Ligand SMILES: NC(=O)C1=CN([C@@H]2O[C@H](COP(=O)(O)OP(=O)(O)OC[C@H]3O[C@@H](n4cnc5c(N)ncnc54)[C@H](OP(=O)(O)O)[C@@H]3O)[C@@H](O)[C@H]2O)C=CC1
Ligand SMILES: CC(C)(CO)C(=O)C(=O)O
């Protein structure tokens, strides 16, 4: 532990793959409590928590169970300096309602979820403490009952706030590159651009690496990204993509459509052969996904601006279909999914020509 921040008390609300990875890395440098479900905490109670990055032996940490506080109730928030909210978007409101009664003035709440509005929504329900956004740019996978592996790289971003300084210090002590950002909206939008890949990967049912090696699936992601980029530009946002990735040469098979896609691919190509996105994980476990915060958010923004985002809209519908279908959901090949998105775009172009003609007639 560092002498300065050893006493920083951090509670993770929603200890799943991201929360356990962060908690495990931070445990030697802060007083960490993981609040989560029994199916996640019991294996940790039994054997301790292991976190690794797959980047060498030295990067594997074992945290004995008694070096953490593990709780199924949010009551430990009562003594927290920092609360990291790591639930999925759909569980955030309920989780916030559970921890807010224990929140003490002077603590800091950080919403770590993907999507644009997580911190804003938490802030609506919190009046005793500042609530800021944090962005996790890397992917984490559960590789054993109590083992969590970071499968790609990137620097955590935390919205600039004076109360965030101790958190940034312990993240650095824990070897988790992290930086304050003065334009968190730009980074949140940049992260959404990367996460547009999640739905394509989840619909394909392929591991991330295999998905990114499929030319047609890459085109599907690029279609969504180009729609989103147009919408974000129209909204006056210049997204900052939160990736710090060495410019490693990509496999030659990957002739990639956009510079943005190349950045995603460089990060993800370092992923384990069978790494998947958080959305695939949700579908596999029969849970609702975060699609409404990703492609769904692009569609909502587009509508507000009088624009269309047909590929994002079609993907949103397909992921909702997959949520409903459960195990019998369709696994889309690249060719099928690309044809589906191109059809949606052609349909939209026809409609827009008809609207234009009707407007002139
Ligand atoms: N996985 C990844 O690699 C990345 C994920 N993210 C983002 O981080 C966020 C978290 O993702 P991830 O870690 O994958 O999600 P997980 O589903 O793995 O973890 C969330 C955990 O929180 C639990 N939970 C929900 N509500 C409560 C509650 N009220 N009290 C206690 N526990 C609760 C969930 O249980 P239950 O399932 O029972 O609801 C689940 O176990 C998401 O927004 C995701 O998009 C960002 C970057 C990478
Ligand atoms: C895998 C990645 C990087 C994008 O698909 C991700 O951020 C996630 O799993 O949420």
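Numbering (full-length UniProt numbering), first residue to last: 1 to 361. The beta-carbon is built from N, C-alpha and C at its ideal position, and this holds for glycine as well. Here the structure is a predicted model, which means the values were calculated and not measured.
How far does the beta strand (DSSP E) with residue i in it reach, from first residue to last?
| i | result |
| --- | --- |
| residue 62 | 61-63 |
| residue 141 | 140-144 |
| residue 445 | The requested residue 445 is not part of the displayed model; the chain covers only 1 to 361. |
| residue 158 | 156-159 |
| residue 193 | No beta strand (DSSP E) contains residue 193, which is instead part of the alpha helix (DSSP H) from 184-204. |
What distance in whole Å lies between the Cβ atoms of residue j and residue i, which are believed to be in contact at a cut-off of 8 angstroms?
| i | j | result |
| --- | --- | --- |
| residue 196 | residue 221 | 6 angstroms |
| residue 194 | residue 201 | In fact, because the Cβ distance is near 12 angstroms, the residues do not count as touching under 8 angstroms. |
| residue 95 | residue 110 | With 8 angstroms as the limit, residue 95 and residue 110 do not qualify as a contact, their Cβ atoms being about 13 angstroms apart. |
| residue 107 | residue 82 | 7 angstroms |
| residue 302 | residue 293 | Not quite, the Cβ-Cβ distance comes to about 15 angstroms (not below 8 angstroms), so this is no contact. |
| residue 115 | residue 137 | Not a contact, Cβ separation roughly 14 angstroms. |
Look at the alpha carbon of residue i and the alpha carbon of residue j, and state the distance between them as a whole number of angstroms.
| i | j | result |
| --- | --- | --- |
| residue 20 | residue 142 | 9 angstroms |
| residue 315 | residue 355 | 24 angstroms |
| residue 296 | residue 131 | 24 angstroms |
| residue 346 | residue 340 | 10 angstroms |
| residue 40 | residue 288 | 18 angstroms |
| residue 230 | residue 313 | 15 angstroms |
| residue 299 | residue 188 | 16 angstroms |
| residue 227 | residue 123 | 29 angstroms |
| residue 60 | residue 25 | 10 angstroms |
| residue 126 | residue 76 | 17 angstroms |
| residue 290 | residue 280 | 10 angstroms |
| residue 343 | residue 311 | 9 angstroms |
| residue 171 | residue 149 | 17 angstroms |
| residue 282 | residue 324 | 12 angstroms |
| residue 256 | residue 151 | Interpretation of residue 256 is limited by its pLDDT of 45, a score under 50 that renders its predicted location unreliable; no figure is taken from the coordinates. |
| residue 134 | residue 358 | 46 angstroms |
Compute the minimum distance between the beta carbon of residue i and the heavy atoms of ligand 1, and state whether it is under 6 angstroms.
| i | result |
| --- | --- |
| residue 98 | yes |
| residue 181 | no |
| residue 134 | no |
| residue 85 | no |
| residue 159 | no |
| residue 88 | yes |
| residue 154 | no |
| residue 113 | yes |
| residue 28 | no |
| residue 278 | yes |
Regarding residue i and ligand 4, is the C-beta to nearest heavy atom distance less than 6 angstroms?
| i | result |
| --- | --- |
| residue 295 | The ligand content of the structure shown is limited to ligand 1 and ligand 2, which means ligand 4 is not among them. |
For the alpha helix (DSSP H) that residue i lies in, which residues bound it at each end?
| i | result |
| --- | --- |
| residue 90 | 89-99 |
| residue 11 | Unbroken run through residue 11 is the beta strand (DSSP E), 9-13; no alpha helix (DSSP H). |
| residue 170 | 165-173 |
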